[in-house]
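Q:
Below you can see the structure in the form of structure tokens.
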């Protein structure tokens, strides 16, 4: 993320400039912008399996990107994002029970969760580091227990989503898929915009040295709060998608800490604190799930062991490895030092 | 009288939570890391005690004589293999690695011992449910024993940290590892011993938990959360505060259960959140633990 200086070069200072838009970033950002359009066309291929598989993948992408926003850019390791996954899903149920049309209820539920995240942020942001991690976990547990107490929401046995049953299954899956595409795109673009705003710079300063950043006038808590609310809304959106995809939820599974385990795995494998890494991590996790999920406990032991290995040995994940090899950036998030003569070529 | 009995129950439960918490707080105090696998290590301890009693037909208390030293060694090895590397990697690396470890432990226990619910109580016969009668009060014998064990462990830890050379080294390392290193304190050894003590105490707590109630491979995270809540409610930085925090949590749960068993855990969490929301909660981030 930092402006890389070319150590040992003899170029005069005037021939250098700082840029975000390197040629590779221009090309790949253009390429990335096309992806949602291409994805949106998939249901017209009339391949039901592809639509369903891609919906699951997009849910994972959304989760990975939001968790990375918190941990990778805000230094906030949360073990409680399942609170918002569950709240998003249950808020949708409540709104549908009140007669709101299903897809409107899903969108509204995300807004409700974002609003709820504001007071909660005041609570959990009092804690730091590992304390924040367990604090968010406690909040998730408390919310799950309270939801399970409400019999109108099915108590501990769960409840199903009404309002979509009238639709033809193929049409319903297509709509849910489009919703998932929109959610994933919104989260990725939202984070992109956040990071390129002045907040991005503030977050970088906080991550490098919170005390110094605060001393220089960076409003640390405000920056963290924005990220927390953003991640809450993203997780809630993923929760509404999960609900629409499965049509049935149980407090134990939708508020389960396994979501956090998945998010940590995806982000660690892909690359914590890199913009592109979580997208890669989601794909890797999706494939791993396809191949090894039948192994049950052994599969989860493997996930945990991989998380430990990546945290210790490859903290910037597969994407960090790739980026170092290629010396190229695919997104214009950081700043690069380039030579004027070799316009657009990066000098890492 | 049911209320008084519940409070008594809660107070003795607080001893158990303090026992879970002291290792957590020791590791946080010395290394500034929170071990997210703390609860799962406790459950591992409970399973090891269960396995020993089944295998050799011994009493759980006798099994503890083997399991606690074994878990001490596990803790030492854990620090030397995984945690020491984490410390070099930045503030969030220990969290991520210990979370990974928690998943590995839970599923390894699941694979080895099946998801069946177990208890250590049958190993001690009627002692598990025995109680002293004081008028209409009933004082659970096991609860008092656990509370006494917790007080003994906390006092022992306090004496160890205040009165022994190793304790002094631990406090020095906690304050400033680099400076301690300059005057000849091997911080890696100190860290490994702190982790070993923490894991041994959590294994003891796990065994008492297994005596009081049932456990299964997925019981760990809840114990981690209770221990953490006890630390926060009691205020970081004091072992006796942690005991008080554990008791407040235990009483809240016992009183919640009195209304409806479903409210037990919710009541505990709400007390924790109330403490966090109180003006004192704002000080938490600034407080540092010296264990």
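Protein chains in written order, with the numbering used here: chain A, 28 to 375; chain B, 714 to 1004.
In this text, a Cβ means the ideal position worked out from N, Cα and C, and glycines have one as well.
Here the structure is a predicted model, which means the values were calculated and not measured.
(1) Between which residues of its own chain and residue 80/A is the CB-CB distance below 6 Å, once the five residues before and five after are set aside?
(2) Starting from the Cα of residue 830/B, find the closest Cα among 744/B, 786/B, 884/B and 756/B and give me that residue.
(3) Under a CB-based cut-off of 7 Å, is residue 20/A close to chain B?
(4) Any Cβ of chain A within less than 7 Å of the Cβ of residue 941/B?
(5) Quick one: give me the first and last residue of the alpha helix (DSSP H) that residue 932/B is part of.
(6) Measuring straight from C-alpha to C-alpha, what distance separates residue 793/B and residue 905/B?
(7) Run the CB neighbour count on residue 868/B, radius 10 Å, all protein chains shown included, and call it buried at 16 or more, exposed below.
(8) Taking the alpha helix (DSSP H) that residue 791/B falls in, what are its first and last residues?
(9) If I'm right that residue 269/A touches residue 86/A with Cβ under 8 Å, what's the distance once you round it to whole angstroms?
(10) Anything in the segment 55–74 of chain A with a Cβ closer than 8 Å to a Cβ of chain B? List those residues in chain order, please.
(11) Where does residue 45/A fall in DSSP's three states?
(12) Excluding sequence positions up to five away, which residues of its chain have a Cβ less than 8 Å from the Cβ of residue 69/A?
(13) Taking a contact to mean a Cβ-Cβ separation below 7 Å, would you say residue 344/A touches residue 296/A in this structure?
(14) Looking at the C-beta of residue 371/A, does it have a partner C-beta in chain B at a distance below 7 Å?
(15) Bridge partners for residue 852/B per DSSP, in chain order?
(16) To the nearest angstrom, report how far apart residue 153/A and residue 989/B are at their CA atoms.
(17) Across which residues does DSSP place residue 276/A in a beta bridge pair?
(18) Within 10 angstroms of the Cβ of residue 753/B, are there 16 or more other Cβ atoms? Answer buried if so, exposed if not.
(19) Taking the alpha helix (DSSP H) that residue 156/A belongs to, which residues open and close that run?
(20) I want to verify the contact list: residues of chain A whose CB lies under 9 Å from the CB of residue 797/B, in sequence order.
(21) Taking DSSP as the reference, what is the three-state secondary structure of residue 894/B?
(22) Of all Cβ atoms in chain B, is any one closer than 7 Å to the Cβ of residue 305/A?
(23) At a CB-CB cut-off below 8 Å, which residues of chain A make contact with residue 747/B?
(24) CA-CA distance, residue 788/B and residue 242/A?
(25) Mind checking if residue 751/B is an interface residue toward chain A, Cβ cutoff 7 Å exclusive?
(26) Which residue from 174/A, 115/A and 256/A puts its Cα closest to that of residue 184/A?
(27) Grab me the residues of residue 215/A's own chain with a C-beta within less than 7 Å of its C-beta, minus the 5 sequence neighbours each way, in chain order.
(28) For residue 998/B, I'd like the list of residues in its chain whose CB is within less than 7 Å of its CB, leaving aside the five on either flank, ordered along the chain.
A: This is what the structure holds:
(1) Position 53 of the first chain, counting from 1, holds the residue named residue 80/A. Nothing listed; no residue qualifies.
(2) Taking the first residue of the second chain as 1, we reach residue 830/B at position 117. Across the set 744/B, 786/B, 884/B and 756/B, the C-alpha of 756/B shows the shortest separation from the C-alpha of residue 830/B.
(3) Since the first residue of chain A shown is 28 and the last is 375, residue 20/A is not available in this structure.
(4) Locating residue 941/B in the second chain gives position 228, where the first residue counts as 1. So, interface residue.
(5) Residue numbering aside, residue 932/B sits at position 219 when the second chain is read from its first letter. Under the DSSP assignment, residue 932/B falls outside any alpha helix (DSSP H); it carries neither an H nor an E label.
(6) Counted from its first residue, the second chain places residue 793/B at position 80. Counted from its first residue, the second chain places residue 905/B at position 192. Between residue 793/B and residue 905/B, the C-alpha separation is close to 6 Å.
(7) Translated into positions along the second chain, residue 868/B becomes position 155. So residue 868/B counts as exposed.
(8) Numbered from 1 along the second chain, position 78 holds the residue referred to as residue 791/B. In the DSSP annotation of this structure, the continuous segment of the alpha helix (DSSP H) that includes residue 791/B starts and ends at 773–791.
(9) Working through the first chain from its first residue, we reach residue 269/A at position 242. Working through the first chain from its first residue, we reach residue 86/A at position 59. At roughly 6 Å, the Cβ-Cβ gap stays under 8 Å, so residue 269/A and residue 86/A are in contact.
(10) Residues of the segment 55–74 of chain A with a C-beta atom less than 8 Å from some C-beta of chain B do not occur.
(11) Within the first chain, numbered from 1, the residue matching residue 45/A stands at position 18. Residue 45/A falls in the strand class under three-state DSSP.
(12) Residue mapping note: residue 69/A aligns to position 42 of the first chain, counting from 1. Spatial neighbours of residue 69/A in its own chain (CB-CB distance under 8 Å, excluding positions within 5 residues in sequence) are listed in chain order as 77, 78, 81 and 204.
(13) On the first chain, residue 344/A is found 317 positions in, with the first residue counted as 1. On the first chain, residue 296/A is found 269 positions in, with the first residue counted as 1. A contact, by the Cβ cut-off of 7 Å.
(14) In the first chain, the residue the question calls residue 371/A occupies position 344. A caution first: residue 371/A carries a pLDDT of 45, below 50, which makes its placement in the model unreliable, though a value can still be read off. Taking Cβ atoms only, chain B never reaches closer than 7 Å to residue 371/A, which makes this a no.
(15) The residue given as residue 852/B occupies position 139 in the second chain. In the DSSP output, where bridge partners are listed per residue, residue 852/B has 845/B.
(16) The residue labelled residue 153/A in the question sits at position 126 within the first chain. The residue labelled residue 989/B in the question sits at position 276 within the second chain. Straight-line Cα distance between these residues: approximately 8 Å.
(17) Reading the first chain from its first residue, position 249 is the one you call residue 276/A. Residue 276/A pairs with 186/A.
(18) By 1-based counting over the second chain, the position of residue 753/B is 40. It is buried - the Cβ of residue 753/B has at least 16 other Cβ atoms within 10 Å.
(19) Sequence index remark: in the first chain, residue 156/A carries index 129 (1-based). Note, residue 156/A: alpha helix (DSSP H), 156–176.
(20) For the purposes of this step, residue 797/B is taken as the residue at position 84 of the second chain. Within chain A, no residue has its CB atom less than 9 Å from the CB of residue 797/B, the nearest being about 10 Å off.
(21) For this step, residue 894/B is matched to residue 181 along the second chain. The answer is helix: DSSP assigns residue 894/B an H, G or I state.
(22) Your numbering for residue 305/A matches position 278 in the first chain. Judged by the 7 Å Cβ criterion, residue 305/A is not in contact with chain B.
(23) Along the second chain, one-based indexing puts residue 747/B at 34. The contact set of residue 747/B on chain A, defined by CB atoms closer than 8 Å, consists of 156, 157, 158, 160 and 161 in chain order.
(24) For the purposes of this step, residue 788/B is taken as the residue at position 75 of the second chain. For the purposes of this step, residue 242/A is taken as the residue at position 215 of the first chain. Cα-Cα distance, rounded: 39 Å.
(25) Within the second chain, the letter at position 38 stands for residue 751/B. So, not an interface residue.
(26) Mapped onto the first chain, residue 184/A falls at position 157. Taking only the C-alpha atoms, the option nearest residue 184/A is 174/A.
(27) By one-based count along the first chain, residue 215/A stands at place 188. Taken in chain order, the residues that qualify are 92.
(28) Along the second chain, one-based indexing puts residue 998/B at 285. Residue placement at residue 998/B cannot be trusted, given a pLDDT of 46 that sits under 50; what the coordinates show is reported in the next sentence. Exclusion of the five residues before and after residue 998/B leaves no residue of its chain whose Cβ lies closer than 7 Å to its Cβ.
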